[in-house]
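What follows is a set of notes on a single structure, which appears directly below.
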Amino acid sequence: MPGILAGLLRTQEKRPSLSRRVASCLAGTADPATAVFQAIVALQGALGVERAALFALEEAGRWAELLAEAHSGECTGEWAGRLNPGHLPALAEALRSGRPLLGNPTTLPLTPEDARLLAGGLPFLALCPLSAGDVPVGFLALASSHRRKLSRSLRRADLRESLSLLALFIHTSGLRPDVLRPQDQIELLYEVTTHLNTDLSLEKVLGNVLTQAIAKVGATRGSIFLLDEHNQVSHRILARENLSPEVSPLVIQEVMSHGLAAWVLEHKEGALIEDVLQDKRWVVLPDHAGQVRSAVAVPFLRLGRVEGMLFLTHPEVGRFRREHLQLLTSIANQAAIAIQNARLYERVENERRTLSAILDSSAEAVVVTDPAGRLLLANRAARQHLGIENRAAPLAEVVLHPGLLALLERASAEEGTVSEKVRLEDGRTFSVSVAPVRDREGRPIGRVAVMHDITHLVELDEMKNRFVSTVSHDLKSPLTAIRGYTELLRTVGPLNEEQAHFSERILEVTREMAHLISNLLDLGKIEAGLGCEFQAVDLGEILIGAKYHLALPAQQKGLLIEVEVPAGLPQVRGDSYRLQQVMANLVGNAIKYTPAGGHIWIRAEERPEEVWVSVSDTGIGISPADLPHIFEKFFRVRDSRVEDEEGSGLGLAIVKSIVTEHGGRVWVESTLGKGSTFYFTLPKWAG
């Protein structure tokens, strides 16, 4: 194109100045619309008329569109508009003959709308046809308040040369209103793609596709159907919004079964219909009269499957051409990707909303974090009871309670589940369990913390402990008196055999009760943090001592006790007396619940920051139902084989309290019928 214009410009060097100026404007810029506008401005100024307007014809000559206009003085400007030359006999004849037309809007005659578009409110009008060879491509409308000025302009040879240049430029640059040049198609496709990628909402994506498609090909109506895996319509956007809810499904079913949609679905390609009244593929509906005469349809293809379809219609016959179909096919290909992304996003959003609704209905506070420790979700209970904001941010920004924040941050560095009680500054206590969340490949993708308010349970437990402690203390004195008076019976006179048996039985019961009371008071002191004096402790001596202190009951049952303490085992931070209690209770339990001839192992193992101790046996084991309660106060294993074994159910509760007070952890692993292993950890001595 620049080469053609340059050649024309060279041929105009010895010709009248007006055509040279027009050629210079048309060759002076790469943008055709800008070039035409500059040329019309030059023409209007050189001719001295109040208004000049350039119109381009669509290929079939059925309508003309205003491309550019320039005006001055009192003239009214019209920056856009269309008219039908077929409704203006004088203009149609001028286009056929190629001869200019001079007159006024009333004698031509023109409708008020066409007069305003062509003459801009001026009394005299000249229409100059533009032809590239024998093909009409448009016309130039000149308007003025002086008929003589228009008459002189039409006689100028340089105007005729300028009209030839404009006609050639319109024809070769693709400025005709219904022509889509390759460059325009690329720009339009880029614009559509940009719009499609601005949102992941399926409804908005479909709306963008339909709006852009209607605008780019000049359609008046449009529809989009999306199909599910059974080729049933799952989503639809209909430009024909006047359909009632009762009729709409019937129309869709009809076009999907027998109409153009069925043809596109079967052939997996787009289709053009010149006249819907002459094409059997189109289902003619009663309200189509005067509104639909031509149609175009393209499928949304993804991996060889029709995901949906786009339909556009126009009231004129033959409105759509092959280049429109090509552009819409390109748009549909891009839209198919955007629709798939939107569907995936919609599916994820639905799952997220469902999960959020489930979590919000939970009475427990739930917090979910990503691998970096940033908050992903906080349910309603977490927001209401703990004041945690539900926004993506580091935990330090949204968790207001220091104790809870410290636990969540520490748990994020652990591989397994962390469960602890956290007491908040306002006195509430929460049971917090933080567990890793993993994907299908087992990779960590975050953590979930479930927090249950156990303040009332803690308060009840504290009340019970105070009550038990008070009652135990109050029982100690009368129990001592009972035992003392029972022992004095022997000193005041001889007892017969039955009396001696009864008094001995009283002494046994009082000793058992005294032991129980002593354990209860001891447990109360441990839980209150009293009676522990921490120092460096040689744990190996305590483990070996436990074996010899309990050697007699072990020998009586024929049990073998082995101690495995590695050389160089580091000292731990602890209270020697309390740790002896721990070992006495664990080894005593192993002896009690291991059948005769069994085996017991006491082992120690050094870890990076702590020492692990385990006590294993070949005993009866613990049932899965009992395992969660094994360290609770007064809990005893429900097994007929050990119903006669004495015990208060406080031994393991004391073990847990002592180990917890030492900053360690305690747990058990057991297989019913094969034995159990109790573990506890103690921090190394750092002094």
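With the first letter of the sequence shown counted as 1, position 36 gets the number 34 in our numbering; the numbers rise by one all the way through.
A virtual CB, placed ideally from N, CA and C, is assigned to each residue, including glycine.
Asked: For the putative contact between residue 305 and residue 356, defined by C-beta atoms under 8 Å, what is the C-beta separation to the nearest angstrom?; Found: Going by Cβ atoms, the distance from residue 305 to residue 356 rounds to 31 Å, so no, they are not a contact pair.
Asked: Would you list, in sequence order, the uninterrupted beta strand (DSSP E) runs of no fewer than 3 residues that lie entirely inside the region 270 to 307?; Found: 292 to 300
Asked: Could you pull out every residue in the same chain whose Cβ sits closer than 7 Å to the Cβ of residue 315, ignoring the five residues on either side in sequence?; Found: 272, 273, 291, 292
Asked: Per DSSP, what kind of secondary structure is residue 428 in: helix, strand or coil?; Found: strand
Asked: Sort out for me which residues DSSP pairs residue 600 with in a bridge.; Found: 561, 613
Asked: If we call anything under 8 Å between Cβ atoms a contact, is residue 574 one with residue 675?; Found: no
Asked: Please name the residue in 43, 87, 82, 94 whose C-alpha comes closest to that of residue 69.; Found: 43
Asked: Just confirm the distance between the C-beta atoms of residue 619 and residue 671, as a whole number of angstroms; I'd bet it's less than 8 Å.; Found: 5 Å
Asked: Based on the DSSP output, what are the partners of residue 434 in its beta bridges?; Found: 445
Asked: My understanding is that residue 135 touches residue 33, with C-beta atoms under 8 Å, so please give their C-beta distance in whole angstroms.; Found: With a Cβ gap of about 15 Å, residue 135 and residue 33 do not count as contacting.
Asked: In angstroms, rounded to a whole number, what distance separates the CA positions of residue 41 and residue 164?; Found: 11 Å
Asked: Going by DSSP, what residue range makes up the alpha helix (DSSP H) through residue 35?; Found: 30 to 45
Asked: CA-CA distance, residue 168 and residue 281?; Found: 39 Å
Asked: Looking at the structure shown, is residue 147 part of a helix, part of a strand, or coil, going by DSSP?; Found: helix
Asked: What number of angstroms, rounded off, separates the C-alpha of residue 332 from the C-alpha of residue 405?; Found: 49 Å
Asked: Is the separation between the beta-carbon of residue 116 and that of residue 90 shorter than 8 Å?; Found: no
Asked: Could you tell me the boundaries of the beta strand (DSSP E) in which residue 124 lies?; Found: 122 to 130
Asked: Taking only the alpha-carbon atoms, compute the straight-line gap between residue 223 and residue 308 and give it to the nearest angstrom.; Found: 7 Å
Asked: Cβ of residue 572 within 8 Å of Cβ of residue 535?; Found: yes
Asked: Within the same chain, show all residues whose beta-carbon is closer than 7 Å to that of residue 588, passing over the 5 residues directly before and after it, in chain order.; Found: 598, 613, 615, 617
Asked: I'd like to check one pair, residue 35 with residue 66: are the Cβ atoms closer than 8 Å?; Found: yes
Asked: Please confirm whether residue 382 has its beta-carbon closer than 8 Å to some beta-carbon of chain D.; Found: The chain labelled as chain D is not found in the depicted structure, where only one protein chain is given.
Asked: With distances taken Cα to Cα, identify the nearest neighbour of residue 605 among 678, 623, 556.; Found: 678
Asked: Is the distance from the Cβ of residue 258 to the Cβ of residue 295 below 8 Å?; Found: yes
Asked: Measure the beta-carbon distance from residue 390 to residue 403 and round it to whole angstroms, keeping in mind my assumption that it falls under 8 Å.; Found: Incorrect: roughly 17 Å between the Cβ atoms, too far for contact.
Asked: Note down the Cα distance separating residue 602 from residue 564, rounded to an integer number of angstroms.; Found: 7 Å
Asked: So what's residue 681 in DSSP terms, helix, strand or just coil?; Found: strand
Asked: Tell me which residue opens and which closes the beta strand (DSSP E) that residue 69 is part of.; Found: 62 to 69
Asked: Is the beta carbon of residue 444 closer than 8 Å to that of residue 432?; Found: no
Asked: Whole angstroms is fine: what's the gap from residue 132's alpha carbon to residue 59's?; Found: 13 Å
Asked: Count the other CB atoms within 10 Å of the CB of residue 221; is the residue buried (16 or more) or exposed (fewer)?; Found: buried
Asked: At which residue ranges does the region 311 to 359 contain complete beta strand (DSSP E) runs of 3 or more residues, listed in the order of the chain?; Found: none
Asked: In chain order, what residues of the same chain lie with their CB nearer than 7 Å to the CB of residue 148, ignoring the 5 residues before and after it?; Found: 47, 100, 122, 124, 140, 142
Asked: Once you ignore the five residues that flank residue 417 on each side, which residues in its own chain have a CB closer than 6 Å to its CB?; Found: 431
Asked: Quick check on residue 15: buried or exposed, where buried means 16 or more other Cβ atoms within 10 Å of its Cβ?; Found: exposed
Asked: What first and last residue would you give for the beta strand (DSSP E) that runs through residue 55?; Found: 49 to 55
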